[in-house]
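Report on the following structure.
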Amino acid sequence: MLDGGMTHGTPPAEVSLDTTQVCALLRQQHPDLAHLPLQMLDAGFDNCMFRLGEGYSLRFPRRSAAAALVLKEQEWLPKLAPRLALAVPAPLRLGLPGLGYPWHWSVLPWLPGSTADQSPPDAQEAVGLADFLKALHHGVDDPVSPHAPRNPVRGCPLADRQHAVEARLSRLRQHTDAVTLQVDAAWQKALDAPASTQDVWLHGDLHPRNILTQHGKLSAILDWGDLGIGDAATDLASVWMVLDDPTARQRALDRYAPDTHLLARARGWAVSFGSLLLDTGRLDHPQHAQIGAACLRRLSQDYRP
Numbered sequence: 611m612l613d614g615g616m617t618h619g620t621p622p623a624e625v626s627l628d629t630t631q632v633c634a635l636l637r638q639q640h641p642d643l644a645h646l647p648l649q650m651l652d653a654g655f656d657n658c659m660f661r662l663g664e665g666y667s668l669r670f671p672r673r674s675a676a677a678a679l680v681l682k683e684q685e686w687l688p689k690l691a692p693r694l695a696l697a698v699p700a701p702l703r704l705g706l707p708g709l710g711y712p713w714h715w716s717v718l719p720w721l722p723g724s725t726a727d728q729s730p731p732d733a734q735e736a737v738g739l740a741d742f743l744k745a746l747h748h749g750v751d752d753p754v755s756p757h758a759p760r761n762p763v764r765g766c767p768l769a770d771r772q773h774a775v776e777a778r779l780s781r782l783r784q785h786t787d788a789v790t791l792q793v794d795a796a797w798q799k800a801l802d803a804p805a806s807t808q809d810v811w812l813h814g815d816l817h818p819r820n821i822l823t824q825h826g827k828l829s830a831i832l833d834w835g836d837l838g839i840g841d842a843a844t845d846l847a848s849v850w851m852v853l854d855d856p857t858a859r860q861r862a863l864d865r866y867a868p869d870t871h872l873l874a875r876a877r878g879w880a881v882s883f884g885s886l887l888l889d890t891g892r893l894d895h896p897q898h899a900q901i902g903a904a905c906l907r908r909l910s911q912d913y914r915p
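Sequential numbering of the sequence shown, starting at 611, is according to the working numbering.
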């Protein structure tokens with residue numbers, strides 16, 4: 611989910627795409643798959659998703675700003691996937707622009723499960739979430755590739771996001787009671803913390819709609835369009851977006867074992883994500899609004915100066 615400081619809800623699609631067009635692209639580029647049943651799924655900020663038969667999903671950018679994200683997934687996600695214990699939708703086949711559709715697209719594996727906003731993980735999965743983050747951030751001894759992508763709005767110093775975040779917090783104070791004294795204090799402490807000096811691999815958008823569960827267990831991590839290198843605090847903020855039980859959140863933090871400054875920045879990123887999802891979602895995406903409000907509520911519940 612790209613964040614350029616938008617304030618007007620979910621960005622509109624720049625292209626129209628339906629099952630007829632997608633079938634035509636499949637017949638042209640992957641004819642052996644074109645006979646499979648095709649179902650359009652929900653559209654997000656950046657992509658339209660389709661289910662193809664029992665074993666595949668299709669990912670199409672819905673606006674130009676997201677087109678580069680698909681290319682980034684196609685290049686880097688297959689290289690990251692082997693280090694991770696949870697399933698990820700590494701592309702199986704690549705799609706090209708054609709028949710009036712202007713961007714690259716992907717054929718992905720269909721990963722079963724329910725999104726974590728609809729079927730939250732059990733509290734015992736706190737350790738699994740922390741272990742996933744540790745494997746992604748620190749799972750190999752090799753240094754991060756000098757050619758690894760860097761996302762300008764993820765993994766960066768929080769000072770770079772200060773104007774956008776504080777504008778959202780100001781709007782939310784006018785329309786909600788979500789911005790508590792604890793939220794303000796956590797944000798200020800995050801700004802005061804020293805910036806990270808270590809780049810790690812990041813998912814970059816680890817909210818509950820990008821996490822699948824099965825029978826209360828974490829099963830897959832979706833939507834890697836924001837992946838890049840930067841401050842681990844960006845992903846560690848998922849503790850407040852995903853885990854509802856305060857004891858589970860503390861267990862996850864204990865397992866990951868951030869230092870004081872990393873923990874402060876992670877809380878700041880929780881403020882950033884929570885305010886983004888609530889501010890944009892309250893206009894036209896109630897699921898995002900609920901995730902954002904819950905994130906800020908949990909942060910308020912946990913925060914101690």
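By construction, the Cβ of each residue, glycine as well, lies at the ideal position given by its N, Cα and C atoms.
Since residue i and residue j should fall inside the 8 Å C-beta cutoff, what is the C-beta to C-beta distance between them, to a whole number of angstroms?
i      : j      : result
Pro868 : Gln911 : Going by Cβ atoms, the distance from Pro868 to Gln911 rounds to 19 Å, so no, they are not a contact pair.
Val680 : Pro671 : 6 Å
Ala653 : His714 : Incorrect: roughly 18 Å between the Cβ atoms, too far for contact.
His898 : Leu909 : Between Leu909 and His898 the Cβ distance is about 17 Å, and since that is not below 8 Å, they are no contact.
Thr830 : Gly665 : A small fix is needed here, since residue 830 is Ala in this sequence, not Thr. Actually they are not in contact, since the Cβ atoms of Ala830 and Gly665 sit about 14 Å apart, beyond 8 Å.
Would you list the one or two residues that DSSP bridges to residue i?
i      : result
Ile922 : Given that the chain is displayed from residue 611 to residue 915, the structure contains no residue 922 and the question cannot be resolved.
Tyr666 : Leu662 and Pro719
Gly838 : Leu812
Gly708 : Tyr711
Asn657 : Pro671
Thr844 : In DSSP, Thr844 forms no bridge with anything.
Ala691 : Answer by DSSP bridge pairing: none, since Ala691 is not bridged.
If the criterion is Cβ atoms closer than 8 Å, does the pair residue i and residue j meet it?
i      : j      : result
Gly738 : Leu627 : no
Pro699 : Gln684 : no
Leu812 : Gly835 : no
Gly765 : Arg693 : no
Ala697 : Leu721 : yes
Leu822 : Ser848 : no
If I follow the unbroken alpha helix (DSSP H) through residue i, where does it start and stop?
i      : result
Leu886 : Thr870 to Asp894
His773 : Gln772 to His785
Ala748 : A small fix is needed here, since residue 748 is His in this sequence, not Ala. First-last of the alpha helix (DSSP H) with His748: Ala736 to His748.
Leu853 : Premise fails: Leu853 is in no alpha helix (DSSP H) and is neither H nor E.
Thr629 : Thr629 to Gln639
Starting from residue i, trace the beta strand (DSSP E) both ways and give me its first and last residue.
i      : result
Arg703 : Arg703 to Gly705
Asp794 : Asp794 -> not in any beta strand (DSSP E); alpha helix (DSSP H) instead, spanning Leu791 to Asp802.
Gln824 : Ile821 to Gln824
Gln649 : Leu648 to Ala653
Leu828 : Lys827 to Ile831
Does the pairing of the segment 850 to 864 with the segment 728 to 741 give three or more beta-carbon distances under 8 Å?
In short, these stretches touch, since the Cβ pair count reaches three.
So does the segment 700 to 712 actually touch the segment 835 to 846, counting three or more Cβ pairs closer than 8 Å?
No: fewer than three Cβ pairs fall under 8 Å.
Do the segment 787 to 800 and the segment 872 to 890 touch if we need at least three Cβ pairs shorter than 8 Å?
The segment 787 to 800, when compared against the segment 872 to 890, does touch it at the 8 Å Cβ threshold.
Under 8 Å: do the segment 771 to 781 and the segment 878 to 893 share three or more Cβ pairs, one atom per stretch?
Segments in contact, yes.
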